[in-house]
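J.: Each residue of the sequence shown is one higher than the last, beginning at 271 in this note's numbering.
Backbone N, C-alpha and C fix where the C-beta goes; we use that ideal spot for every residue, glycine too.
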Amino acid sequence: MEITTSYLAEKIEGQLFGHDKKITGIFNFLGDAKPGDAVVRHWINEQGIEIAVENGVSCIITQNPHEKAVETAEKLGLPVIVTERIELANAFAIEWAVKRFAADALRIVVTGTNGKSTTTHMIHKILEDAGYNAYTNTDPQSEFNTLIDPRVAKQIAEFPGKIGAMVVEVSEVQGWLDKLMKDHARIMTSAVDPGVVVLTNVSLDHIGLVNSLEEAFHEISGAMKAINSDSNTHEKTFAVLNKEDPLISKMAKLKGSETEVIFYGATDPSSKVCNPEKSPECDGKVKGELEDDEGKFEVKMGSDGITFNGDVVVPMEKLPFKSRHFLQNTMAAVGAALAVGIPKEIIAKSVSSYTPLKRRFSVLNEHPTIIDDFAHNPDGIMATIKSAAESLTDNGQLYIVSAIRGSRGEAINSANAQAIADGFEGLESQGDLKGALIVTSSSDVVDENNTVKPHEKAVFLEKLEKKGLKYKFHENLQAAVETVLKSAKPNDTILLIGAQGMDPVSDLLNELMTE
């Protein structure tokens, strides 16, 4: 698939400065670029142009040329393409890499607000256990799922051996400089051109980029629209949809004539749905009405284990974990594996030996039980608190250490604090919870991109205080961890939650507990 700079500029709605030139390499980062490569960067200055020329790259694609970058490039004979939507360049790069290096591969896309990484990771393991040379972009920190740089295209191009299958995690909402990259999930799913899409749930995480469930629904549903588009090359496609999420279930109506729906989860999520025409009491519920099931196939959780159309696929005794969100992710992975024809016995064996990604409800210690989870948005926080409380035994207490999300704004931190308060309140109302909350800014471990701003800290703590929830605050993560370790007894459970601010906690725990 030979491309030129003029052809690329047209495809990504960009303007070409300089001469037309063949691109003979891959799409790459500036620091790794080799002769003939096309470099994709959100911004570049004169120094970057000079480095690119020294490396012999074919062209630069950028959204923000700084200073005299364009003039310098023209002087040195380096073509530059300037586009107002850098995500189009990265989508083109992925599409190019897939067509060149994975055209015959099984291709699966996973998107949604929560559970993407675990679902993708488990599908990848099943594919590998089935004998495929399988690629995935999922990593413990969820850094590779944004698809707003050429990383995935580069990884596909440099993947060792012929790719037999790939499962790509697509961020459901993405932005740059606080501006929404509209239709990100649709654009990136189209670039991968999958035969299967898996949709986990719809909730608010990237507040500021999207500010309502309706907006989040629009973005996530783009993956369904992508597999139904004329550009999809598969004769038949599958959509694996979470039936317990009313908005995901609703997306079954978007399926095309050649798309088969596989539902997973409970069979009756109607308690979460409110039809305003039939009931005036719709507060706190999703407004709408579920349509009759449009899928013939269902993956369910029953007393015997995970079943598909009534047949047991993964027996209960082979499930390594039984928390609610793990079972949700497992059912989604089973549905995707069945859609691409993986035998049930391989699926069962693979799931039974599955080891979760780091910081996905990872049990770091026993006596006290210490659970580490990446919970970083309201739905994830609520689900994780509930699952952690279920691990309490012998009148144990639940301690929560929560890291404030740094440099992510007031809205998400207010919502997260609300979720923590609601989580405590819900469990206390059932008489299940006695415990304490410790909050930290993790100032001793985060970089400048994740530093908690004073207004973020203020809104988080103010929300807790308005809800009447008592807490202890420590600026540093180490102090917060030392406090909870001194307080917790062997029969207690410690839940560590948060995004980047909690990432170093396992190493910190190892140091503190071995002193």
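1) Would you kindly report the start and end of the unbroken alpha helix (DSSP H) that includes Phe362?
2) Quick one: which unbroken alpha helix (DSSP H) runs of 4-plus residues sit fully inside the region 465 to 515? Chain order, please.
3) Tell me which same chain residues have a C-beta within less than 8 Å of the C-beta of Thr503, skipping the five on either side of it?
4) Are three or more beta carbon pairs between the region 363 to 381 and the region 293 to 308 nearer than 8 Å?
5) Sorted by chain position, which residues of the same chain lie with C-beta nearer than 6 Å to Ala461's C-beta, five sequence neighbours on each side aside?
6) Which whole-angstrom value describes the C-beta separation of Asp284 and Thr353, a residue pair presumed to lie in contact below a C-beta threshold of 8 Å?
7) Pro638 and Ser632: beta carbons closer than 9 Å?
8) Pop quiz: Met436 and Arg377 are said to be a contact at Cβ under 8 Å. What is the actual Cβ separation, rounded to whole angstroms?
9) DSSP three-state call for Asp307: helix, strand or coil?
10) Give the C-beta separation of Asn599 and Gly385 to the nearest angstrom, bearing in mind that I take them to be a contact with Cβ-Cβ under 8 Å.
11) Within the same chain, show all residues whose beta-carbon is closer than 8 Å to that of Leu483, passing over the 5 residues directly before and after it, in chain order.
12) Given a cut-off of 9 Å, decide if Leu765 and Ile670 are closer than it, judged by their beta-carbon atoms.
13) Check Leu739 in the structure and name its three-state DSSP category.
14) When the cut-off is 9 Å and only beta carbons count, does Leu469 lie next to chain D?
15) Evaluate Ala373 with the Cβ neighbour count: other Cβ atoms within 10 Å of its Cβ, from every protein chain shown; 16 or more gives buried, anything less gives exposed.
16) Could you tell me which of Pro349, Val327, Gly301 and Glu324 sits nearest to Tyr277, measuring between CA atoms?
17) Determine the DSSP secondary structure at Ile331, reduced to helix, strand or coil.
18) State yes or no: is the C-beta of Ala455 within less than 9 Å of the C-beta of Ala496?
19) Any idea if Pro724 is buried or exposed, counting beta-carbon neighbours within 10 angstroms, 16 or more meaning buried?
20) Just tell me which of Glu695, Ala691, Leu731 and Gly696 has its CA closest to the CA of Thr710.
21) Thinking C-alpha only, which one of Leu358, Glu316 and Leu346 is nearest Gln333?
22) Are Glu726 and Gly679 touching if we call contact CB-CB under 9 Å?
23) Keeping to the same chain, check which residues put their C-beta closer than 8 Å to that of Gly771; ignore five residues upstream and five downstream.
24) Can you check DSSP and say which residues form a bridge with Met436?
25) Do Ala607 and Ile617 have their CB atoms nearer than 9 Å?
T.: Looking at the atomic coordinates:
1) Element bounds for Phe362: Ile356 to Phe371.
2) 483 to 497
3) So the list reads Asp463, once near-sequence residues are dropped.
4) yes
5) Ala361, Ile364 and Glu365
6) The residue you asked about is not Asp; residue 284 is Gly in the sequence shown. At roughly 3 Å, the Cβ-Cβ gap stays under 8 Å, so Gly284 and Thr353 are in contact.
7) Pro638 is not a Cβ neighbour of Ser632, given a cutoff of 9 Å.
8) 5 Å
9) coil
10) 5 Å
11) Val472, Ser473, Leu474, Leu517 and Val556
12) yes
13) coil
14) In the structure shown, chain D does not exist; there is a single protein chain.
15) exposed
16) Pro349
17) strand
18) yes
19) exposed
20) Minimum Cα distance to Thr710 is reached at Leu731.
21) Comparing Cα positions, the closest option is Leu358.
22) yes
23) Cβ neighbours of Gly771 beyond the five flanking positions: Ala673, Ile674, Arg675, Gly676, Thr710, Ser711, Ser712, Val715, Val716, Asn720, Val722 and Leu747.
24) Arg377 and Tyr405
25) yes
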